[in-house]
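This report concerns only the one structure given below.
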Amino acid sequence: MKPAAPLHPIARLPEEWRDALAQRGERAFAAKQIFNWIHRHGVVDPAAMTNVSARLRAALAEEGLGSIAEIVHVHRSADGTRKLVVRLKDGATIETVLLPAVSGPGARPEPEIDADAAAAYDDEDEEDDPTTEEAFRGKTRVTQCISTQVGCAMGCVFCASGVAGWKRHLGPEEIVAQILLGRALLDEGEALRNVVFMGMGEPLHNYDGTARALRLLTHPDGIALSTRRVTVSTSGLVPEIARLGRDFNGQIALAISLHAADDESRSALMPINKKYPLAELLAALKAYPMQRRRRITIEYTLVSGKNDDVAEAQKLARLLRGMPVKINLIPMNPIEASTLGPPDMARVFAFQKALVGSGYSCFIRRRRGDDVSAACGQLVLLGAKPKVKAFRNSAS
1 MKPAAPLHPI
11 ARLPEEWRDA
21 LAQRGERAFA
31 AKQIFNWIHR
41 HGVVDPAAMT
51 NVSARLRAAL
61 AEEGLGSIAE
71 IVHVHRSADG
81 TRKLVVRLKD
91 GATIETVLLP
101 AVSGPGARPE
111 PEIDADAAAA
121 YDDEDEEDDP
131 TTEEAFRGKT
141 RVTQCISTQV
151 GCAMGCVFCA
161 SGVAGWKRHL
171 GPEEIVAQIL
181 LGRALLDEGE
191 ALRNVVFMGM
201 GEPLHNYDGT
211 ARALRLLTHP
221 DGIALSTRRV
231 TVSTSGLVPE
241 IARLGRDFNG
251 QIALAISLHA
261 ADDESRSALM
271 PINKKYPLAE
281 LLAALKAYPM
291 QRRRRITIEY
301 TLVSGKNDDV
311 AEAQKLARLL
321 RGMPVKINLI
331 PMNPIEASTL
341 GPPDMARVFA
351 FQKALVGSGY
361 SCFIRRRRGD
371 DVSAACGQLV
381 LLGAKPKVKA
391 FRNSAS
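The letter at position 285 of the sequence shown is residue 285 when you use the UniProt record's numbering, and the numbering goes up by one with no holes.
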């Protein structure tokens, strides 16, 4: 068996810092100091850790603690969305997106569209966390969409991230680094409130990296995100859904990229369905240990002429009957690697109306950042040569 790669210092939890420092003869309190510097203050240069001894700062630098990622470009959308192109130490690039809550100029209000659906959280949870909510009073709340892989192996036909296929997993330190970089770029009056694992890659394909990043992001001595404000999106890796539920006791919100209500259509859109068909996926969702008053978010990309008529909405309503879900409808964002596109809004609203009429909470995802290719499905591996994918029914 191949030995596990050594844990990067940024990926250590406080108790792991205590163990590492004890081996050096250092005092235990330094563990919390270092963890605070990295995760609460975003400082990864040991030389800047002013309350850490000079001897220990030198040892940390020698061990490799330092910058592991840099922003090489910021694309700012007219609606305030920012897409950050991030270069990692091996030269690979990924993208992460800052999504401020929309209000005022550029908000483009549209009837019955949930302007904050991308955050994938339930508003009714607000009253359960008054201390956290007080910290955001008077501030613009920002959601950050982060990546977990360089490229993607899932091959969904409506998503640009898999154009060049999967290159490698991100280490937990590289996942967390996106938050540290993004937080430093927030405008005055903005505050990071939600994190969604919905960027490049399939988070549960990189389960170990994703799980450790979740523990780092929610640790009270660091960034201290509420688990209510973190959502993991998956295309439907059934064993890993069960593992996430066990490891985090259902406290991490779950979003499912569903996109079709029968196996034939879903397999044509999402090859992963051939391995984990709908019956297995739905069984995993029903077994997920949901916390009180929480719901699973169902993501449904509407592709013109493929899955967007009212009959499909009715089929979806029957498929999800009895499950604690809310549904986000996403008119497909055009990508260079596909000839497919979104339906007109009349069909989108008709689809939504059918689901609402069946008793579901159903929102239309506002298109955010599409003018800088930062919208859902548009994050791409820099330098990848697009290869056009066509939708094929299995019978064709």
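Quick reminder that beta carbons are idealized off the backbone N, C-alpha and C, glycines included.
What is the DSSP secondary structure of residue i, counted as helix, strand or coil?
i	result
T143	strand
L225	coil
K389	Model confidence at K389 stands at a pLDDT of 42, short of 50, so the residue's coordinates are unreliable and nothing is read from them.
F158	coil
V348	helix
E264	helix
Y300	strand
Q149	strand
L186	coil
K315	helix
P331	strand
D125	A caution first: D125 carries a pLDDT of 43, below 50, which makes its placement in the model too unreliable to give a value.
R366	coil
V176	helix
K167	strand
H75	strand
V86	strand
Whole angstroms are fine: how far does the CA of residue j sit from the CA of residue i?
i	j	result
H205	P239	10 Å
A284	L214	21 Å
S147	I175	7 Å
A374	V97	Residue placement at A374 cannot be trusted, given a pLDDT of 41 that sits under 50; the coordinates are not used to answer.
M345	I364	10 Å
L278	S304	22 Å
R82	Q149	20 Å
K139	V196	19 Å
L21	G42	20 Å
E190	K274	43 Å
E26	V52	11 Å
L13	F35	7 Å
A5	R292	38 Å
D263	K89	41 Å
S267	R212	31 Å
P203	Q23	33 Å
G155	F29	47 Å
G222	R318	43 Å
L84	T93	10 Å
K32	S235	36 Å
H259	A11	34 Å
P334	L269	15 Å
P331	R246	33 Å
D187	S265	43 Å
C362	L192	25 Å
A101	M200	22 Å
V86	C159	19 Å
E15	L316	46 Å
If you drop the 5 nearest sequence neighbours on each side, which residues of the same chain put their C-beta closer than 6 Å to that of residue i?
i	result
P46	R57, L60, A61, L65
V310	A350, A354
L216	V176
Q178	T96, I146
H169	Q149, N206, G209
V325	R295, I296, I298
For residue i, collect the residues of the same chain with a Cβ closer than 8 Å to its Cβ; drop the 5 residues on either side in sequence, then sort them by chain order.
i	result
T218	A224, L225, S226, T227, V230
H8	G64, I68, G171, P172, E173
G250	Y288, P289, M290, Q291, R294
K167	A92, Q149, V150, G151, L381
So the candidates are the options; which of them puts its Cα closest to the Cα of residue i?
i	options	result
H39	E26, A22, W17, S53	W17
L329	S304, I298, A346	I298
R321	D308, A261, P289	A261
I256	I241, A22, D19, D263	I241
G357	N333, L237, Q314, G245	Q314
A287	R243, R266, L269	R243
I327	P343, L88, R347, Y360	Y360
V72	E95, R366, R55, P324	E95
M323	I296, N307, P331	I296
G165	F158, C152, V157, C156	C152
H75	T301, G91, L99	L99
T210	P220, N194, V232, R193	V232
Y300	T143, Q352, E15, G80	Q352
E70	Y207, G91, L254	G91
M198	V157, L254, F248, V325	L254
V157	K306, F136, E15, Y276	K306
G80	W37, T143, R55	T143
Among residues of its own chain, excluding the 5 on either side of residue i, which ones have a beta-carbon nearer than 7 Å to its beta-carbon?
i	result
E312	A261
E127	Its pLDDT being 42, under 50, E127 is placed unreliably in this model, and the value from its coordinates should be taken loosely. Result list for E127: empty, nothing under 7 Å.
R141	A101, A191, R193
L302	D308, L329, I330, P331, M332, P342, P343, V348, F351
* Examine the Cβ distances between the stretch 179-187 and the stretch 270-286 and report whether three or more of them are shorter than 8 Å. => Because the criterion of three Cβ pairs below 8 Å is not met, the stretch 179-187 and the stretch 270-286 do not touch.
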